[in-house]
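Protein chains in written order, with the UniProt record's numbering: chain B, 1 to 323; chain Y, 1 to 291. Accompanying notes for the structure given below.
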C-alpha cells in the first residue's frame with residue numbers, strides 16, 4: 001500500500017520517536033516535535049507507538065490512499081477531511097482505497113501527526129525513519145515530502161473507525177503557554193537580577209521557530225556576571241568554549257533572545273545555556289505558533305521528575321483506554 | 001582546572017573540566033567520557049565528549065538523576081589516573097586555500113564581517129600579527145591539529161592546533177552568522193578550526209575548502225562506505241595546501257571511487273607532547289609521510 005502525495009503541505013516530514021546513539025557525531029535526536037501526539041496517533045490505529053508518521057506544520061498535506069487503511073490525526077487543530085467529509089481529530093477513521101485525505105486551515109496548535117495503520121515504512125537510516133533535512137538523512141531521500149512522492153506503508157487495515165482519546169488526555173499548551181525550566185548548565189553566568197527577570201517577564205514565540213529550535217522575544221535582555229573571558233571562548237560574555245547542547249537547553253546569544261533547542265538542533269556550540277526545559281514540556285513547544293505568549297516557570301529536579309511521571313501516566317491511560 | 005558538574009534538564013549530566021580550552025582539559029574530558037562508556041551504566045543513551053567538557057544523556061525512568069550523577073563523579077579519579085596516551089590516526093586533509101567558492105560567499109556576506117574591505121584571511125592575518133595571508137596560511141597548516149569535538153551538524157569536526165598557547169591562532173566569529181557556507185569549507189572561530197561537513201549557516205571565518213568529503217549519508221564515497229561520518233574525537237589532522245589542479249584531481253578521484261585519504265596510525269602521549277611539542281609533531285608527520 002502506498003500513500004500518494006498530491007500536495008505536500010508545508011515542510012511535512014516523516015518522523016518517528018527519533019534516533020538514539022549518534023548525538024556525539026552531530027547527528028541530532030530527530031523525531032516528532034510532539035512525541036506525545038505521535039504516540040497517541042499510533043495507538044489509535046493499532047501501530048507500535050514508535051511507528052513512523054507524517055508530521056505537518058501549520059498546513060496539512062493532501063494524500064490519496066491506494067488501499068483501505070485506519071488513520072488518526074492528533075496534535076494541532078487542523079480540520080480533517082476524507083473526500084470532503086469532515087473527520088474527528090484524536091479519533092480513528094477509515095480511508096478507503098482511492099479516497100483522499102485533506103485538511104482545512106489551522107485553528108490552534110502548530111503540528112499534526114498523521115498515523116496510518118501499518119506505519120510508514122520508508123527505509124531506516126541509523127535506526128530511525130525520522131527526517132533530518134540538514135544532514136539529508138532518513139525520510140524520503142533525507143528531505144521533506146514532495147508532490148508525487150509515493151510513501152510505502154505496512155499495509156494493514158488496522159482496527160477501524162471510532163477509537164478515540166478522551167478530551168482530558170489530549171495534551172495542549174495553555175495561554176500563556178507555561179514552560180517549566182530546570183536552571184543549570186551555565187546558569188551561574190547570569191546575574192541574580194537577570195535570572196529573576198527571565199522568569200518574571202512574558203515572552204513571545206518569535207517567527208524563527210522550527211525543528212531546530214524555538215526563539216523567544218519580548219523579555220528584558222539578560223546581564224552577565226563580569227569576568228575575563230576564558231581562553232578559547234570568544235569575546236562576547238554569552239560565549240563559552242564550545243560544548244555539547246542538551247535537548248531542551250536554552251541559549252541566549254548576546255543575552256537578548258532565548259532559543260530552546262529542539263529535536264533537530266545543532267549538537268553543540270559556543271553559547272552559554274541557562275538550563276533546560278524539562279523533558280515533560282518539550283512536546284508542548286512543538287504546538288506553539290509564532291507570537292504565542294509564553295511564561296517560563298522555574299522548577300527543581302523533584303518537580304521535573306513529577307511532571308515527567310504525569311506525562312507518562314497520561315500515556316498509560318490512553319493505552320488502557322484503547323486496550 | 002576544577003571540574004564542574006551540573007544537570008541539563010532532567011535527562012543530561014553535564015561535566016565541564018575547565019572553562020578555558022587546553023589539551024589537558026580535552027584529554028581529561030575524553031578519558032572520563034570513555035570511562036563512562038566502559039562503565040556500561042544502564043539507562044545511559046548518549047555520551048558526547050566536547051572540547052573541554054562532556055555530556056551524558058540518560059533515561060530518568062531507568063536511572064535516577066542523583067544516581068547517575070554519583071556514578072559519573074566516581075569516575076573522575078579513574079580519568080585523573082588514566083594514562084594521557086592515545087592510539088589514534090593522523091590524516092592528511094588537502095586544502096585549497098583562497099578558493100573561488102568561499103571567496104564568492106565571503107564577499108556576499110561582507111556586511112556581516114568585522115572588516116568589510118578585506119577577506120577573512122587578510123583579516124585573520126592582520127589581527128594575529130602576520131605580514132600577509134600567505135604567512136597566516138603557513139602557520140595554519142605547518143603544525144598538526146587535534147579533533148577535540150565532533151558535532152554542531154552531522155560529522156563536523158572542531159580542531160585545536162598542537163602548538164604552545166602563545167602560538168595559537170585566534171579569530172572571532174562573524175559579527176552575525178551567514179545563512180550560507182559552502183560544503184567542506186575550512187572555517188575558523190575562537191581558537192578552533194572546523195570543516196563544514198554540509199552546506200548551510202555558519203559563523204566561522206572561511207579560509208578555504210577541502211575536496212575530501214567527510215560526511216556521506218548515502219555511504220557511496222569510497223572512504224565513507226563503512227560509516228557515513230569520517231571524524232571522531234582524538235583524530236589528528238594535517239592540512240596539506242593544494243592548488244586548483246590538485247583540487248580537481250581529488251574531486252575526480254572521489255567521483256570515480258578511487259580516492260584514499262592518506263592516514264597513518266600514531267601514538268599520542270600528552271606528557272611527551274608537553275615536553276617537546278615540535279619534536280612530537282615532527283614524529284607524527286614523519287609517520288604520515290611514510291604512509
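Ideal placement from N, C-alpha and C gives every residue a C-beta, glycine not left out. None of these values were measured; they are calculated from a predicted model.
Put simply, of Y/270, Y/277, Y/271 and Y/266 the residue whose alpha carbon is nearest the alpha carbon of residue 289 of chain Y is Y/266. Contact annotation: in the segment 247-259 of chain B, residues whose CB is within less than 7 Å of a CB in chain Y are 247, 248 and 249. Its Cα nearest to that of residue 215 of chain Y, the residue Y/229 stands out among Y/208, Y/229 and Y/203.
Look at residue 253 of chain B here: in three-state DSSP terms it is helix. Under a criterion of Cβ atoms nearer than 9 Å, the residues of chain B adjacent to residue 155 of chain Y are, in order, 25, 26, 27 and 135. Cα atoms of residue 247 of chain B and residue 19 of chain Y: separation of roughly 21 Å, rounded to the nearest angstrom. For residue 7 of chain B, the pairing in a beta bridge is given by DSSP as B/62.
Contact annotation for residue 233 of chain B against chain Y: 19, 20, 21 and 190 [CB-CB distance below 8 Å, chain order].
Excluding sequence positions up to five before and after residue 217 of chain B, its CB lies within less than 7 Å of the CB of 203, 204, 206 and 257, all in the same chain and listed in chain order. The Cβ of residue 207 of chain B sits no closer than 9 Å to any Cβ of chain Y. Inclusion of residue 186 of chain Y and residue 208 of chain Y in the CB contact set at 9 Å is warranted, their separation being smaller than that value. Closest option to residue 47 of chain B, judged by alpha-carbon separation, among B/174, B/10 and B/121: B/121.
In the structure shown, the three-state DSSP call for residue 220 of chain Y is coil. Taking a C-beta distance under 9 Å as the contact criterion, residue 73 of chain B and residue 180 of chain B do not qualify as a contact pair. A direct Cα-to-Cα measurement between residue 50 of chain Y and residue 272 of chain B gives close to 14 Å. Chain-order list of chain B residues neighbouring residue 10 of chain Y: 182, 278, 279, 301, 304, 305 and 308, by C-beta distance under 7 Å.
By a beta-carbon distance limit of 8 Å, residue 199 of chain Y does not contact residue 210 of chain Y. Their separation comes to about 14 Å.
A residue is called buried when at least 16 other Cβ atoms come within 10 angstroms of its Cβ; residue 198 of chain B meets this threshold and is buried.
From the listed residues Y/72, Y/204 and Y/69, the smallest Cα separation to residue 124 of chain Y is found for Y/204. When Y/135, Y/236 and Y/232 are compared, the shortest CA-CA separation from residue 156 of chain Y is found for Y/232.
For the segment 28-47 of chain Y, the residues whose beta carbon sits under 8 Å from a beta carbon of chain B are, in order, 45, 46 and 47. Around the beta carbon of residue 219 of chain Y, fewer than 16 other beta carbons lie within 10 angstroms, which makes this residue exposed. Note that the segment 95-103 of chain Y does not touch the segment 13-27 of chain Y; fewer than 3 beta-carbon pairs, one per stretch, sit closer than 8 Å.
In the DSSP annotation of this structure, the continuous segment of the beta strand (DSSP E) that includes residue 96 of chain Y starts and ends at 85-97. What residue 126 of chain Y touches in chain B, judged by beta-carbon distance under 8 Å, is nothing: the nearest beta carbon there is about 16 Å away. As the crow flies, the alpha-carbon of residue 13 of chain B is around 20 Å from that of residue 90 of chain B. In the DSSP annotation of this structure, the continuous segment of the alpha helix (DSSP H) that includes residue 279 of chain Y starts and ends at 277-290. Non-local beta-carbon contacts of residue 14 of chain Y in its own chain, meaning distances under 6 Å to residues more than five positions away in sequence, involve 6, 8 and 55 in chain order. Annotation for residue 153 of chain Y: 197, 198 and 200 place their beta carbon closer than 7 Å to its own, counting only its chain and skipping 5 residues before and after.
The shortest C-alpha to C-alpha distance from residue 159 of chain B to any of B/106, B/115 and B/269 is the one to B/115. For the 9 Å CB-CB criterion, residue 35 of chain Y and residue 75 of chain Y form a contact. Within chain B, the C-beta atoms nearer than 7 Å to that of residue 14 of chain Y come from 185 and 246, in chain order. Interface flag for residue 312 of chain B against chain Y is set, since a Cβ pair is found closer than 9 Å. By the neighbour-count definition (other C-beta atoms within 10 Å, threshold 16), residue 10 of chain B is an exposed residue.
A contact between stretches requires three or more CB pairs, one per stretch, nearer than 8 Å, and the segment 171-181 of chain Y fails this requirement with the segment 288-305 of chain B.
The closest CA to that of residue 172 of chain B, considering only B/289, B/92, B/253 and B/6, is found on B/289.
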